[in-house]
Amino acid sequence: DGLFCACQIYFVHHRITGMNPLSTTEKEQVARLLSYSSTVGGWYLLIMAGLVFVIWSLPLLNLIPLTADRELFLIGFFVLGLAFLLPGLWMLKRRKKVRALLDGSLESATAEVLAIDQSDPSTGLHIKLLVQSLDYQGVEAYLTVYGRPPWSVGEKVELLFLADGVRFFPRYLDFRTSFGYLQTAEQVDKVKTRQAIKLIVVGGLVLLGVLMGAVIAAGNQ
Numbered sequence: 026d027g028l029f030c031a032c033q034i035y036f037v038h039h040r041i042t043g044m045n046p047l048s049t050t051e052k053e054q055v056a057r058l059l060s061y062s063s064t065v066g067g068w069y070l071l072i073m074a075g076l077v078f079v080i081w082s083l084p085l086l087n088l089i090p091l092t093a094d095r096e097l098f099l100i101g102f103f104v105l106g107l108a109f110l111l112p113g114l115w116m117l118k119r120r121k122k123v124r125a126l127l128d129g130s131l132e133s134a135t136a137e138v139l140a141i142d143q144s145d146p147s148t149g150l151h152i153k154l155l156v157q158s159l160d161y162q163g164v165e166a167y168l169t170v171y172g173r174p175p176w177s178v179g180e181k182v183e184l185l186f187l188a189d190g191v192r193f194f195p196r197y198l199d200f201r202t203s204f205g206y207l208q209t210a211e212q213v214d215k216v217k218t219r220q221a222i223k224l225i226v227v228g229g230l231v232l233l234g235v236l237m238g239a240v241i242a243a244g245n246q
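So the sequence shown is residues 26 to 246, counted in this note's numbering.
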């Protein structure tokens, strides 16, 4: 009876929490590889923010002279620096968020490589997959890889899906990549919405800085 109860508890627990085949060491490695683009992009934005703030500080240190447009210059460059700084910090935190996602349930699936787009290596290799298991059988999925293609067309690969059933990554990951996504209509809309929000936020910060500087400069005339 004790063994039977223990088995019941085990299966109920895994039915609720899901299975996770990754060890702690594997999770750390996968999180590092999955957040590669965010880490590189984050440091790039921080460097740009640093350069902007260096230029912004020059008139404050009386290293360069400014005319009546001093306020416009200071406010505009300060807001421009924030437009680089805030997204950069957010991108560098991406690795911690990815690591937390890997602690959740992961569901295995198989897929076939349909195509590998190498037309623009600077943006990564875009791999088209056909998922052959899970509830999304026959649904196409896309994965971006940075570096040499790890597979060939027609090859079968094993994937691990996150708890949301949309994002995934290769089971045996030893190359730099980011989360892949199922190509559902809902997911396409979400990606477009996120991109639009990012553009609006960054553009709004820059525009706000220019407008505030212009108003102050006009008031001093």
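Where is the CB? At the ideal position from N, CA and C, for every residue including glycine.
Collapsing the DSSP output to three states places A108 in a helix. Under the 8 Å Cβ criterion, the region 111-119 counts as touching the region 55-71, having at least three qualifying pairs. With 16 or more other Cβ atoms inside 10 Å of its own Cβ, I152 counts as buried.
Counting every other CB atom within 10 Å of its CB across the protein chains shown gives L224 a total below 16, marking it as exposed.
Contact check between the region 142-152 and the region 172-185: three or more CB pairs, one atom from each, fall below 8 Å, which counts as touching. Annotation for V191: Y206, L207, T209 and Q212 place their beta carbon closer than 8 Å to its own, counting only its chain and skipping 5 residues before and after. Nearest Cα to T169 within the set G163, I141 and R219: I141. The beta-carbon distance between L155 and A136, rounded to whole angstroms, is 6 Å. This is short enough to meet the 8 Å contact definition.
Residue pairing of A56 in beta bridges, as defined by DSSP: absent, with no partner found. P112 is the residue among F194, T218, P112 and N45 whose C-alpha sits nearest the C-alpha of L71.
Per DSSP, the continuous beta strand (DSSP E) segment holding R192 begins and ends at R192 to P195. If you draw a straight line from the Cα of V104 to the Cα of R57, it comes to about 31 Å. Counting along the chain, F78 sits inside the alpha helix (DSSP H) bounded by residues Y61 to L85.
Using a 10 angstroms sphere on the CB of G67, the tally of other CB atoms reaches 16 or more, which defines it as buried. Taking L83 as the centre and dropping the five residues before and after it, the same chain places the C-beta of I89 closer than 6 Å to its C-beta, in chain order.
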